[in-house]
Amino acid sequence: MTILRDLSIFWGMFHVLFLFVMLFRSRFTPRKSILAVVIGMGTLMILNGAGLVIYGIDALSKAFLITCSIPSFIFFYVMSEDKRFRFLFTFCLADTTCLWIMAVTNLLDYYLGGGQYIVMLISRLIAYPLIEYLVWRYLRKPYLELQKAVERGWGIFAGMTMLYYILLVVVVQFPTNIVERPEDMFLCVLVLLLMVFNYATIFLSLYRQLLLYQKQQSEYMLQGEKGKLEAQLDNQQRIRKMKHDMKGHTITLSGLLAAGKMKEMTEYLKGMEKEIDASVGQLCANPYLNAVFSYYYQKFQEIGAGCKLDIQVGEEELPHMELCQILSNSLENAFDAVRELEPKKRKVSVQMKYNRDYLIMRIKNCCKDSLCVEKGTVPATDKEGHDHGFGLLTIQEAAELLKGEMLCYTKDREFVLDVMLSCDSFQKNKRETDLKFMEI
């Protein structure tokens, strides 16, 4: 009957791997990740299977940490997008969950199946897919979002999970299997129950962090919308002032016309045209983007910052909500950064170019000499220092929503933010919006 036990162990090893793959973020493409997992972990499972056949379950269980856990930890650490405590927590979470299932099913088989391994096999065949369904259905999406959004605060959770993993291994396997030590059975049950409440506390804390992150994202969006509305109101006030001033312009033009001074009248009209453009704040042909540019252009002028705009965007139909979100956050970051510099160093430039395939944006601003950001990294938020970090995750998410990419780095004492968006996603975004409108 030991064949049933061995089959259940192989079944558990496979699902430990599957559960972890659902929860971790690979830095490679899905195809490369799957291929690497199949080759690397497949080889490791075969070697552990051979060890099980040769040396037996008791010997293998005592050496499992060295033969499987540590090699798999190193393998996935190299592949993982997340490092340090985020990765450690995810790794220990998957291992501890599956080890908990093994311990519980082992006890069920001992008390209900008489140690014949039938109950063990059946319960594990049911328990692992059930846990994976619950993880896929309720945990995977918010957990991946949380790993991406929250960079701090994982250390204490990772430490707790690692200690529980070691505690569970010791209680269940050392010096012998728990079913051979009836005197420690009560202690083992307490540890298993305590782990349930421990993980419930951890996930509740993580869920609250996710809600806090989502609230912050909503606040960033509201701030962007507020900026656009303020810019529109400011434009309306300028237009009303311009209408009031038109009476004086009309009197002046009438006088020049009556005097036959056509040259002076032409020059006066050109001056009026420049004044009207400046009053309206016409920095971009797209009205939504123009509202954002006008608002921040005025803010830069108030602190004496030089702002150079090169906007090659016409009246094309663009996903203005996401673009305004990207521009508002990036320009707010630039404003916070240059405001802390000496007046002569306050310089900002914005380039935007649109063609058939891509919309490309580059926002550059002078920054502190101490700021160093490597390509491919996103600096952490610093609420006290007003350095870059605010809204960068929002910009990245908005870019990914439009099938694009965001890249930020420092070069020659400047912070550079590059955003490239696929124009194909604009039409898709428009079709989805139209469909939602038709459904309403």
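Read left to right, the sequence shown gives residues 159 to 598 (the numbering used here).
The C-beta atom is built at its ideal place from N, Cα and C for all residues, glycine as well.
Taking all protein chains shown into account, do 16 or more other C-beta atoms lie within 10 angstroms of the C-beta of V174, making it buried, or fewer, making it exposed?
In the sequence shown, the residue the question calls residue 174 occupies position 16. Buried is the label assigned to V174, since at least 16 other Cβ atoms lie within 10 Å of its Cβ.
As assigned by DSSP and simplified to three states, the class of K526:
Taking the sequence shown and counting its residues from 1, one reaches residue 526 at position 368. Correct three-state label for K526: coil.
Considering only the alpha carbon of each residue, which of N487, E480, I228 and A443 lies closest to G472?
Here residue 472 is taken as the residue at index 314 of the sequence shown, counted from 1. Comparing Cα positions, the closest option is A443.
What are the residues that DSSP puts in a beta bridge with M510?
If you number the sequence shown from 1, residue 510 lands on position 352. M510 has I469 and M519 as its beta-bridge partners, per DSSP.
Is Y323 helix, strand or coil by DSSP?
Counted from its first residue, the sequence shown places residue 323 at position 165. If DSSP states are grouped into helix, strand and coil, Y323 belongs with the helices.
In angstroms, rounded to a whole number, what distance separates the CA positions of L427 and L441?
Walking along the sequence shown from the start, residue 427 turns up at place 269. Walking along the sequence shown from the start, residue 441 turns up at place 283. Straight-line spacing of the CA atoms in L427 and L441 works out to 20 angstroms.
Tell me the start and end of each unbroken beta strand (DSSP E) in the segment 274-314 that is at least 3 residues and wholly inside, in chain order.
Unbroken beta strand (DSSP E) runs of no fewer than 3 residues, entirely contained in the segment 274-314, are not found.
With DSSP collapsed to three states, give me the class of D253.
Locating residue 253 in the sequence shown gives position 95, counting from the first residue. Of the three classes helix, strand and coil, the one that applies to D253 here is helix, per DSSP.
C-beta contact flag for K526 and E572 at 7 angstroms
To locate residue 526, count along the sequence shown from 1; it is residue 368. To locate residue 572, count along the sequence shown from 1; it is residue 414. The answer is no: Cβ separation not under 7 angstroms.
V347 versus Q367, L326, L362 and F332, residue with shortest Cα-Cα distance:
Here residue 347 refers to the residue found at position 189 of the sequence shown. Closest by alpha carbon: L326.
Under the assumption that A261 contacts V330 (Cβ atoms under 8 angstroms), give the Cβ distance between them as a whole number of angstroms.
The residue you call residue 261 lines up with position 103 of the sequence shown. The residue you call residue 330 lines up with position 172 of the sequence shown. Yes, they are in contact, since the Cβ atoms of A261 and V330 sit about 5 angstroms apart, within 8 angstroms.
For K502, report the span of its alpha helix (DSSP H) as first-last.
Working through the sequence shown from its first residue, we reach residue 502 at position 344. Here K502 belongs to no alpha helix (DSSP H), and DSSP marks it neither H nor E.
With a 10 Å radius around its C-beta and 16 neighbouring C-beta atoms as the bar for buried, classify L489 as buried or exposed.
Here the question's residue 489 lines up with position 331 in the sequence shown. Around the beta-carbon of L489, 16 or more other beta-carbon atoms lie within 10 Å, marking it buried.
Decide if Q372 is buried, meaning its Cβ has at least 16 other Cβ atoms within 10 Å, or exposed.
Here residue 372 is taken as the residue at index 214 of the sequence shown, counted from 1. By the 10 Å Cβ count, Q372 comes out exposed.
Cα-Cα separation between F245 and M237, rounded to whole angstroms
Working through the sequence shown from its first residue, we reach residue 245 at position 87. Working through the sequence shown from its first residue, we reach residue 237 at position 79. A straight line joining the alpha-carbon of F245 with that of M237 spans about 10 angstroms.
With a CB to CB cut of under 7 angstroms and the five nearest residues on each side skipped, what residues in its chain are close to F176?
Numbered from 1 along the sequence shown, position 18 holds the residue referred to as residue 176. Correct list, in chain order: E290.
List the whole-angstrom C-beta distance separating E480 from L559, where the pair is believed to meet the contact cut-off of C-beta under 8 angstroms.
The sequence position of residue 480 within the sequence shown is 322, counting from 1. The sequence position of residue 559 within the sequence shown is 401, counting from 1. Contact between E480 and L559 is confirmed by a C-beta separation of about 6 angstroms, below the 8 angstroms threshold.
Bounding residues of the alpha helix (DSSP H) (the contiguous stretch that carries T552)
The count along the sequence shown starts at 1 and reaches residue 552 at position 394. From DSSP, the alpha helix (DSSP H) with T552 extends over L550 to L559.
Give me, in chain order, the residues of the same chain whose beta-carbon lies closer than 6 angstroms to that of Q554; leave out the 5 immediate sequence neighbours on both sides.
Locating residue 554 in the sequence shown gives position 396, counting from the first residue. Counting only Cβ-Cβ distances below 6 angstroms, and skipping sequence neighbours, we find M564.
Rounded C-alpha distance that separates K419 from R398:
Counting from one through the sequence shown, the residue named residue 419 turns up at place 261. Counting from one through the sequence shown, the residue named residue 398 turns up at place 240. C-alpha separation (whole angstroms): 29 angstroms.
In terms of DSSP beta bridges, what is E563 paired with?
As a first step, residue 563 is located in the sequence shown; it is residue number 405 there, counting from the start. Partner(s): M578.
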